[in-house]
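Protein chains in written order, with full-length UniProt numbering: chain B, 1 to 197; chain H, 1 to 197; chain V, 1 to 197; chain E, 1 to 197.
Protein chains: 4
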Amino acid sequence: MPENRLDRIHAAACAAFLKKGYGGTKMEDIAASVGVGRSALYASFPTKEALFRGLVTNLVEHALPLERILQGIEAQTLPEVLGDLIARLTLAMSKGAGPVLHRLIIAEGAQFPELGRAYRKGVLQPLVTTVEGLLELGVRRGEFTAPDTRLAAQHIAGAMIMTVLWPRVFDPRASKAKVLEAANALAGMLLYGVLKR
Amino acid sequence: MPENRLDRIHAAACAAFLKKGYGGTKMEDIAASVGVGRSALYASFPTKEALFRGLVTNLVEHALPLERILQGIEAQTLPEVLGDLIARLTLAMSKGAGPVLHRLIIAEGAQFPELGRAYRKGVLQPLVTTVEGLLELGVRRGEFTAPDTRLAAQHIAGAMIMTVLWPRVFDPRASKAKVLEAANALAGMLLYGVLKR
Amino acid sequence: MPENRLDRIHAAACAAFLKKGYGGTKMEDIAASVGVGRSALYASFPTKEALFRGLVTNLVEHALPLERILQGIEAQTLPEVLGDLIARLTLAMSKGAGPVLHRLIIAEGAQFPELGRAYRKGVLQPLVTTVEGLLELGVRRGEFTAPDTRLAAQHIAGAMIMTVLWPRVFDPRASKAKVLEAANALAGMLLYGVLKR
Amino acid sequence: MPENRLDRIHAAACAAFLKKGYGGTKMEDIAASVGVGRSALYASFPTKEALFRGLVTNLVEHALPLERILQGIEAQTLPEVLGDLIARLTLAMSKGAGPVLHRLIIAEGAQFPELGRAYRKGVLQPLVTTVEGLLELGVRRGEFTAPDTRLAAQHIAGAMIMTVLWPRVFDPRASKAKVLEAANALAGMLLYGVLKR
DNA sequence: AATGAATGAGAATTCATTCAT
DNA sequence: CATGAATGAATTCTCATTCAT
Numbered sequence: 001m002p003e004n005r006l007d008r009i010h011a012a013a014c015a016a017f018l019k020k021g022y023g024g025t026k027m028e029d030i031a032a033s034v035g036v037g038r039s040a041l042y043a044s045f046p047t048k049e050a051l052f053r054g055l056v057t058n059l060v061e062h063a064l065p066l067e068r069i070l071q072g073i074e075a076q077t078l079p080e081v082l083g084d085l086i087a088r089l090t091l092a093m094s095k096g097a098g099p100v101l102h103r104l105i106i107a108e109g110a111q112f113p114e115l116g117r118a119y120r121k122g123v124l125q126p127l128v129t130t131v132e133g134l135l136e137l138g139v140r141r142g143e144f145t146a147p148d149t150r151l152a153a154q155h156i157a158g159a160m161i162m163t164v165l166w167p168r169v170f171d172p173r174a175s176k177a178k179v180l181e182a183a184n185a186l187a188g189m190l191l192y193g194v195l196k197r
Numbered sequence: 001m002p003e004n005r006l007d008r009i010h011a012a013a014c015a016a017f018l019k020k021g022y023g024g025t026k027m028e029d030i031a032a033s034v035g036v037g038r039s040a041l042y043a044s045f046p047t048k049e050a051l052f053r054g055l056v057t058n059l060v061e062h063a064l065p066l067e068r069i070l071q072g073i074e075a076q077t078l079p080e081v082l083g084d085l086i087a088r089l090t091l092a093m094s095k096g097a098g099p100v101l102h103r104l105i106i107a108e109g110a111q112f113p114e115l116g117r118a119y120r121k122g123v124l125q126p127l128v129t130t131v132e133g134l135l136e137l138g139v140r141r142g143e144f145t146a147p148d149t150r151l152a153a154q155h156i157a158g159a160m161i162m163t164v165l166w167p168r169v170f171d172p173r174a175s176k177a178k179v180l181e182a183a184n185a186l187a188g189m190l191l192y193g194v195l196k197r
Numbered sequence: 001m002p003e004n005r006l007d008r009i010h011a012a013a014c015a016a017f018l019k020k021g022y023g024g025t026k027m028e029d030i031a032a033s034v035g036v037g038r039s040a041l042y043a044s045f046p047t048k049e050a051l052f053r054g055l056v057t058n059l060v061e062h063a064l065p066l067e068r069i070l071q072g073i074e075a076q077t078l079p080e081v082l083g084d085l086i087a088r089l090t091l092a093m094s095k096g097a098g099p100v101l102h103r104l105i106i107a108e109g110a111q112f113p114e115l116g117r118a119y120r121k122g123v124l125q126p127l128v129t130t131v132e133g134l135l136e137l138g139v140r141r142g143e144f145t146a147p148d149t150r151l152a153a154q155h156i157a158g159a160m161i162m163t164v165l166w167p168r169v170f171d172p173r174a175s176k177a178k179v180l181e182a183a184n185a186l187a188g189m190l191l192y193g194v195l196k197r
Numbered sequence: 001m002p003e004n005r006l007d008r009i010h011a012a013a014c015a016a017f018l019k020k021g022y023g024g025t026k027m028e029d030i031a032a033s034v035g036v037g038r039s040a041l042y043a044s045f046p047t048k049e050a051l052f053r054g055l056v057t058n059l060v061e062h063a064l065p066l067e068r069i070l071q072g073i074e075a076q077t078l079p080e081v082l083g084d085l086i087a088r089l090t091l092a093m094s095k096g097a098g099p100v101l102h103r104l105i106i107a108e109g110a111q112f113p114e115l116g117r118a119y120r121k122g123v124l125q126p127l128v129t130t131v132e133g134l135l136e137l138g139v140r141r142g143e144f145t146a147p148d149t150r151l152a153a154q155h156i157a158g159a160m161i162m163t164v165l166w167p168r169v170f171d172p173r174a175s176k177a178k179v180l181e182a183a184n185a186l187a188g189m190l191l192y193g194v195l196k197r
């Protein structure tokens with residue numbers, strides 16, 4: 001069960017890095033959390049840095065279940081599709097280790113440029129591109145309005161990430177039950193705005 | 001010119017902490033940037049932690065020029081007031097050391113809980129409360145629609161912060177000239193949504 | 001074939017210690033070279049140190065085939081006997097693990113004093129004493145000249161060891177074929193000097 | 001007095017590396033010997049390895065006072081010149097940190113290939129080449145006899161180094177007063193051999 | 001016997017901090 | 001005041017050694 005081992009280390013490291021950041025996390029923190037000695041970690045990872053990189057890379061790969069979400073969407077009209085996408089994706093990204101990734105990238109991206117690149121390529125770009133695609137289609141059909149679809153897509157993506165981040169970073173006491181509600185509210189606001197029609 | 005000294009240290013520390021985070025920044029980085037020796041910093045600050053706290057506290061105090069922005073708003077109708085607030089505040093927060101603060105809090109907030117509290121109290125709460133106030137008023141007047149004004153205000157605040165953060169964190173190559181454009185686009189989207197009326 | 005095992009470990013250790021020294025050699029290096037796991041070595045040796053000591057002790061015992069060489073000498077005159085001894089012994093010591101021993105003693109002797117003692121007692125002393133004996137006899141017979149036979153014997157012994165060491169330590173690219181030639185040349189020089197008669 | 005500092009560290013390191021070898025020497029050994037804390041060493045050298053390399057490189061540069069010795073020789077005849085060279089150079093190399101270098105190279109040369117190269121280029125080659133030059137000249141003049149001058153020069157160089165090494169490595173109790181005597185005896189033996197004329 | 005996993009005692013290195021000058 | 005040198009507490013990483021299987 002080497003996979004098991006790796007996963008347990010990843011989980012422990014995830015929690016530790018989330019709480020203390022890369023520099024603030026000691027190998028001992030992780031080891032203790034896994035329940036082994038410091039040196040046992042080095043059987044699985046050559047370096048603290050390698051452990052961190054591996055973890056983040058792993059997180060990047062699972063951060064954006066775009067395919068799965070897209071396939072799960074049953075809505076027909078374009079606005080409903082976009083709304084569903086925003087709501088479901090935000091919800092999905094809030095699960096599990098999702099929020100950790102965004103926090104780590106914001107915190108440590110500058111020190112690990114290639115992780116920043118991986119994140120942009122694996123998470124940001126697909127998300128923005130997908131949203132932008134929907135917006136463009138909608139604009140062409142006359143259903144959406146957006147002076148700059150690229151910018152709008154960035155704002156939507158950013159808002160989604162912020163929604164994922166919020167309870168973890170800005171509101172530690174927030175009940176997790178509200179995540180679904182928040183995701184839906186976000187979708188509504190981004191689609192309809194706050195202005196009454 | 002002791003203020004001068006303090007300010008120069010703050011500026012240097014700001015840049016250093018932004019790039020490397022708290023743990024990754026060495027006193028020497030800051031000292032070298034100021035152009036003095038390591039030990040000279042200790043004439044102004046007793047510890048690295050104190051320097052960091054002082055810096056962040058300082059940033060918190062100037063992060064949200066709410067009064068100034070509110071006074072500058074000339075719009076009359078409520079929607080215009082909210083739109084102006086969003087756009088102008090986002091723009092203002094993008095200036096100078098603004099983006100640094102949010103990044104530092106996201107990165108190090110968990111390790112310095114009282115800085116997180118100060119940020120929430122000094123930045124997040126006023127912002128959310130102000131926006132929420134406008135929303136409530138608008139909802140009561142029948143001009144706005146929002147199932148949960150608190151949540152909506154959080155989303156708006158989050159989107160603003162994310163807009164401030166984006167060029168620094170997620171898009172290092174972005175031209176800074178687009179900040180104004182981005183702020184306006186954000187205001188538009190949050191007010192009207194992407195759905196064509 | 002426990003002997004076989006021991007020998008294989010010794011051979012592997014020999015090569016490893018030669019290349020990296022005692023401190024620089026990891027048990028894993030040896031184990032990998034033997035083709036077993038680290039822990040398997042501990043079935044044969046209680047500690048790395050014991051392994052090293054055993055190896056060196058073993059090398060000391062076989063380093064100086066004095067008896068065999070002496071018996072093989074067919075020369076009659078004293079000078080010829082000494083010349084033969086120098087040449088044959090130098091050649092013999094150059095074979096197999098011979099050079100390793102001298103290098104290890106020079107390198108690690110200070111850290112393992114009793115190995116130094118064993119080497120002096122088992123290699124240096126017999127060699128010096130034998131040579132000195134021949135010199136004394138020759139001096140008494142008027143065939144040799146040496147103001148201080150002890151010193152002369154030391155120099156001869158030293159030169160022999162250096163000749164053994166040279167290709168391994170100072171001239172890694174030297175062809176091994178020249179060992180015989182070098183041994184003979186050494187014998188000639190020590191007997192006759194470089195001065196033309 | 002930064003030079004002073006460097007020199008003191010070099011001296012302490014010299015003694016430590018001599019006694020324990022590279023691997024066996026702890027930074028603390030050196031630091032304690034200098035009378036400072038471990039970390040103080042890192043102000044002068046970035047790494048233990050750098051310290052070692054610097055030391056050895058330094059030793060190489062001063063190991064062979066060939067010019068000085070050659071200028072000091074007053075002998076006229078070729079044999080006397082060679083004898084003087086051997087005796088004086090051996091004596092000079094026995095002084096100070098001289099013996100350390102040879103021991104370190106024999107011990108650690110394989111692990112630091114470029115130090116081995118530096119030693120060969122800076123010490124071995126000049127020595128062998130100089131001696132070979134004298135031998136060739138003498139052979140041409142009919143004063144020396146040597147079937148292979150290169151080999152003979154190597155043997156002479158090797159014997160000199162071994163003479164330098166002997167009291168430190170093989171005979172820790174040897175009185176240092178005998179160094180002069182040993183050097184002269186070596187010169188005599190290499191010139192005249194042990195065979196009575 | 002052999003192995004893979006684990007351990008723990010170090011060792012090198014870093015860095016905030018102090019202090020004599 | 002500012003500085004350069006020094007410190008010592010941490011921290012990462014290594015490796016001989018042990019042990020259950």
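By construction, the Cβ of each residue, glycine as well, lies at the ideal position given by its N, Cα and C atoms.
Checklist entry - Name the chain V residues that come within less than 9 Å of E/F112, Cβ to Cβ? => result Indexing the fourth sequence from 1 puts residue 112 of chain E at position 112. Ordered by position in chain V, no residue passes the 9 Å Cβ test against E/F112, which lies about 10 Å from the chain.
Next on the checklist: Tell me which residues of the stretch 147 to 162 of chain H have at least one Cβ-Cβ distance to chain B shorter than 7 Å, keeping chain order.
Outcome noted: Along the stretch 147 to 162 of chain H, going in chain order, the ones with a CB nearer than 7 Å to a CB of chain B are P147, D148, L151, A152, Q154, H155, G158, A159, I161 and M162.
Item to check | B/T77, DSSP secondary structure in three states | outcome: In the first sequence, the residue the question calls residue 77 of chain B occupies position 77. Residue state, collapsed to three classes: coil.
Checklist entry - Which residues, in chain order, does the stretch 45 to 77 of chain B contribute to contact with chain H at a C-beta distance below 8 Å? => result For chain H, none of the residues of the stretch 45 to 77 of chain B brings a beta carbon within less than 8 Å of one of its beta carbons.
Item to check | Residues near B/G138 in its chain [Cβ-Cβ closer than 6 Å; skip 5 each side] | outcome: By 1-based counting over the first sequence, the position of residue 138 of chain B is 138. Once the five neighbours on either side are set aside, the close Cβ partners of B/G138 are L78 and F144.
Checklist entry - In this structure, does DSSP put B/L195 in helix, strand or coil? => result Counting from 1 along the first sequence, the entry for residue 195 of chain B is found at position 195. Secondary structure at B/L195: strand, using DSSP grouped into helix, strand and coil.
Item to check | Cα-Cα separation, H/F17 to H/V36 | outcome: The residue labelled residue 17 of chain H in the question sits at position 17 within the second sequence. The residue labelled residue 36 of chain H in the question sits at position 36 within the second sequence. When rounded, the distance between both Cα atoms is 18 Å.
Next on the checklist: Against chain B, which members of the stretch 119 to 145 of chain H pass a CB distance test of less than 7 Å?
Outcome noted: So the list reads R120, L124, L135, G142, E143, F144 and T145, given in the order they occur along the chain.
Item to check | Three-state secondary structure assigned by DSSP to H/F17 | outcome: For the purposes of this step, residue 17 of chain H is identified with residue 17 of the second sequence, where counting begins at 1. Helix, per DSSP.
Checklist entry - Taking Cβ positions only, does V/G109 come closer than 8 Å to chain E? => result The sequence position of residue 109 of chain V within the third sequence is 109, counting from 1. Judged by the 8 Å Cβ criterion, V/G109 is in contact with chain E.
Checklist entry - Would V/A92 count as contacting chain E if we go by Cβ distances under 8 Å? => result Within the third sequence, numbered from 1, the residue matching residue 92 of chain V stands at position 92. False, the Cβ-Cβ gap to chain E never drops below 8 Å.
Item to check | Amino acids of chain V, ordered along the chain, whose beta-carbon sits closer than 8 Å to that of E/Y42 | outcome: Within the fourth sequence, numbered from 1, the residue matching residue 42 of chain E stands at position 42. Simply none; closest approach about 21 Å.
Next on the checklist: Alpha carbons only, please: which of V/L115, V/T57, V/V179 and V/A187 is nearest the one belonging to E/F170?
Outcome noted: Position 170 of the fourth sequence, counting from 1, holds the residue named residue 170 of chain E. The residue with the shortest Cα to Cα distance from E/F170 is V/L115.
Item to check | Own chain partners of H/L124 with C-beta closer than 8 Å, once the 5 adjacent residues on each side are dropped | outcome: Your numbering for residue 124 of chain H matches position 124 in the second sequence. Cβ neighbours of H/L124 within its own chain (closer than 8 Å, five residues either side excluded): A157.
Checklist entry - Considering only residues of the same chain and omitting the five flanking positions on each side of E/L186, which have a CB-CB separation below 8 Å? => result Start at 1 with the first residue of the fourth sequence, and residue 186 of chain E comes out as number 186. Cβ within range, chain order: I86, A87, T90, A159, M160 and T163.
Next on the checklist: I believe B/A92 touches B/P65 by the beta-carbon criterion, under 8 Å. Please report the beta-carbon distance rounded to the nearest angstrom.
Outcome noted: The residue given as residue 92 of chain B occupies position 92 in the first sequence. The residue given as residue 65 of chain B occupies position 65 in the first sequence. Indeed, because the Cβ distance is near 5 Å, the residues count as touching under 8 Å.
Checklist entry - What does a CB cutoff of less than 7 Å around V/A146 pick up in its chain, not counting 5 residues either side in sequence? => result Indexing the third sequence from 1 puts residue 146 of chain V at position 146. The answer, listed in chain order, is L135, V139 and A152.
Checklist entry - Mapping DSSP to helix, strand and coil, what is H/F45? => result Within the second sequence, residue 45 of chain H is the residue found at index 45, counting from 1. Residue state, collapsed to three classes: coil.
Checklist entry - Quick one, are the C-beta atoms of H/G122 and H/E49 less than 8 Å apart? => result For this step, residue 122 of chain H is matched to residue 122 along the second sequence. For this step, residue 49 of chain H is matched to residue 49 along the second sequence. No; because the gap between Cβ atoms is not below 8 Å, this pair is not in contact.
Checklist entry - Can you list, in chain order, the residues of its chain whose CB lies under 6 Å from that of V/M1, leaving out five sequence neighbours each side? => result Sequence index remark: in the third sequence, residue 1 of chain V carries index 1 (1-based). Below a pLDDT of 50, predicted positions are generally treated as unreliable, and V/M1, at 40, falls in that range; no measurement from the model is reported.
Checklist entry - Taking three-plus beta-carbon pairs below 8 Å as touching, is the stretch 15 to 32 of chain E in contact with the stretch 14 to 31 of chain V? => result Three or more Cβ pairs drawn from the stretch 15 to 32 of chain E and the stretch 14 to 31 of chain V lie within less than 8 Å of each other, which places the two stretches in contact.
Checklist entry - Buried or exposed: which applies to H/E132, given that a residue is buried once 16 or more other Cβ atoms fall within 10 Å of its Cβ? => result Taking the first residue of the second sequence as position 1, residue 132 of chain H is located at position 132. Around the beta-carbon of H/E132, 16 or more other beta-carbon atoms lie within 10 Å, marking it buried.
Next on the checklist: Give me, in chain order, the residues of the same chain whose beta-carbon lies closer than 7 Å to that of V/D84; leave out the 5 immediate sequence neighbours on both sides.
Outcome noted: Position 84 of the third sequence, counting from 1, holds the residue named residue 84 of chain V. I73 and A75.
Item to check | Residue burial classification, B/S39 (beta-carbon count within 10 angstroms, cutoff 16) | outcome: Position 39 of the first sequence, counted from the start, is the residue given in the question as residue 39 of chain B. So B/S39 counts as exposed.
Item to check | Min CB distance V/G21 to chain E below 8 Å | outcome: Taking the third sequence and counting its residues from 1, the one referred to as residue 21 of chain V is at position 21. Output row for V/G21: interface = yes.
Item to check | B/E170 - DSSP class collapsed to helix/strand/coil | outcome: Taking the first residue of the first sequence as position 1, residue 170 of chain B is located at position 170. It should be noted that the sequence gives Phe, not Glu, for residue 170 of chain B. In this structure, B/F170 counts as coil in the three-state DSSP scheme.
Checklist entry - Alpha carbon to alpha carbon, what distance is there between H/G54 and B/R155? => result Here residue 155 of chain B corresponds to residue number 155 of the first sequence, with the count starting at 1. Here residue 54 of chain H corresponds to residue number 54 of the second sequence, with the count starting at 1. What sits at residue 155 of chain B in the sequence shown is His, not Arg. Rounded to whole angstroms, B/H155 to H/G54 spans 32 Å at the Cα level.
Next on the checklist: I'd like to check one pair, E/G142 with V/K19: are the Cβ atoms closer than 8 Å?
Outcome noted: Counted from its first residue, the third sequence places residue 19 of chain V at position 19. Counted from its first residue, the fourth sequence places residue 142 of chain E at position 142. It is not a contact, given that the beta carbons lie outside the stated cut-off.
Checklist entry - If we count the other Cβ atoms within 10 Å of its Cβ and call it buried at 16 or more, is E/E181 buried or exposed? => result Numbered from 1 along the fourth sequence, position 181 holds the residue referred to as residue 181 of chain E. That one is exposed.
Next on the checklist: The alpha helix (DSSP H) that contains E/D29, what's its start and end?
Outcome noted: Along the fourth sequence, read from residue 1 onward, the residue named residue 29 of chain E stands at position 29. From DSSP, the alpha helix (DSSP H) with E/D29 extends over M27 to V34.
Item to check | C-alpha gap between H/T57 and B/G109, whole angstroms | outcome: For the purposes of this step, residue 57 of chain H is taken as residue 57 along the second sequence, with counting starting at 1. For the purposes of this step, residue 109 of chain B is taken as residue 109 along the first sequence, with counting starting at 1. Cα to Cα, the separation comes out at about 24 Å.
Next on the checklist: So, with DSSP's three-state summary, where would you put H/F112?
Outcome noted: As a position in the second sequence, residue 112 of chain H is number 112, starting the count at 1. In this structure, H/F112 counts as coil in the three-state DSSP scheme.
Next on the checklist: Against chain V, does E/E80 count as a neighbour if the rule is that its beta carbon must be under 8 Å from one of theirs?
Outcome noted: Against the fourth sequence, residue 80 of chain E aligns to sequence position 80. Proximity of E/E80 to chain V, defined by a Cβ-Cβ separation below 8 Å, is not satisfied.
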